[in-house]
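This report concerns only the one structure given below.
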Amino acid sequence: MSVSTVTSKGQVTIPKEIRETLGVIEGDKLIFLVEGDRVVMRKVGSERLSDILSRRKPWDESGLDFQRRLREEWRKL
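Printed below as a string of structure tokens:
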């Protein structure tokens, strides 16, 4: 377990062992999700939502199937 301190600017240093485990390097984008009383940090993949949407053809799948697939893609980020 590691502990970080929040600076006056609201910044937190990600401990080295966590950066190494996630493969986070300078310039990477991270997303923060609030789940109950926890914050989950995930590294954003190189594929953006707009890239996923651009591959979809309207006749490929129903709207509900598309939503499910989009949720699964988002969880991978």
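Numbering-wise (this note's numbering), the sequence shown opens with residue -10 and increments by one.
Ideal Cβ placement from N, Cα and C applies to all residues, glycine included.
The structure presented is a predicted model; accordingly, all values stated were derived computationally and were not measured.
Is residue i near residue j, with beta carbons less than 8 Å apart?
| i | j | result |
| --- | --- | --- |
| Lys32 | Val13 | yes |
| Ser(-7) | Glu6 | no |
To which residues does DSSP link residue i through a beta bridge?
| i | result |
| --- | --- |
| Glu24 | Arg27 |
| Lys65 | According to DSSP, which records beta bridges pairwise, Lys65 is partnered with nothing at all. |
| Lys(-2) | Note: Lys(-2) sits in no beta bridge, so no partner. |
| Lys32 | Leu19 |
Which residues in the same chain as residue i place their Cβ atom closer than 6 Å to its Cβ, once the five residues preceding and following it in sequence are excluded?
| i | result |
| --- | --- |
| Ile20 | Arg31 and Val33 |
CA-CA distance, residue i and residue j?
| i | j | result |
| --- | --- | --- |
| Asp17 | Gly52 | 32 Å |
| Val29 | Phe55 | 25 Å |
| Glu61 | Gly25 | 21 Å |
Less than 8 Å between C-beta atoms, sequence neighbours within five positions excluded: which residues of the same chain meet that for residue i?
| i | result |
| --- | --- |
| Gly(-1) | none |
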